[in-house]
Amino acid sequence: MTDNTVAIRLSDIVYRNLKERVPAKITMLGKSMRPTINNKTRALLVSCNIQELKKGDLVVCGSGNHYVVHRLLKVRKNVDGHSLITKGDALLYKDRPWSESQYLGRIDSVYLRNNWKKLNSGFGYFMCILSPFTGLVYYIAGKFAKKA
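Numbering-wise (our numbering), the sequence shown opens with residue 789 and increments by one.
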């Protein structure tokens with residue numbers, strides 16, 4: 789059994805949980821959501837209709853074995869349903885629009901400092917306001933680090 793097989797089976801469990809509206813615990817990897825979310829942060833992924841999403845929510849979008857957790861900037865209604873506009877907090881640019889079929893769910897809580905923190909509280913919206921600035925700070929810091 790390879791790691792890919794394990795990943796596929798784990799994702800099947802996540803899909804089944806979401807279909808049955810049961811929250812799924814996941815581990816997020818990467819740096820695109822820093823400083824809000826760090827590499828290997830645990831999170832609770834929940835099923836949520838697109839119509840229930842709010843600006844600032846952390847959403848999971850992708851296909852196959854590649855999914856990203858980025859902040860929702862806007863939901864657009866179009867001929868094919870909806871598209872989601874997202875961006876990583878540490879990134880300068882928005883993602884390409886995600887189609888409704890690429891949307892998997894919403895991050896409800898993250899595990900920080902030995903506690904589960906709900907993101908639909910003031911914490912999530914506070915980070916949404918800071919999001920454009922954090923990407924710029926990381927970009928400038930990277931430029932200075934390369935010169936040093």
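Think of the CB as a built atom: it goes at the ideal place given N, C-alpha and C, for glycine as much as any other residue.
### Query
From residue 928 to residue 862, what distance separates their C-alpha atoms?
One alpha carbon belongs to residue 928, the other to residue 862, and they sit about 26 Å apart.
### Message
If you follow the beta strand (DSSP E) that residue 754 is in, where does it begin and where does it stop?
### Response
In this structure the chain extends from 789 to 936, so residue 754 is not present and cannot be described.
### Task
Determine the burial state of residue 851: buried for a count of at least 16 other Cβ atoms within 10 Å of its Cβ, exposed for fewer.
Taking a 10 Å sphere around the C-beta of residue 851, we find fewer than 16 other C-beta atoms and assign the residue as exposed.
### Task
May I have the straight-line CA-CA distance separating residue 880 from residue 870, to the nearest angstrom?
Taking the Cα positions, residue 880 is about 24 Å away from residue 870.
### Query
Using a Cβ-Cβ cut-off of 7 Å (strictly less than) and excluding sequence neighbours within five positions of residue 804, which residues of its own chain qualify?
Within the same chain, no Cβ atom closer than 7 Å to the Cβ of residue 804 is found once the five residues on either side in sequence are excluded.
### Task
Could you tell me which residues DSSP puts in a beta bridge with residue 816?
Bridge partners of residue 816: 829.
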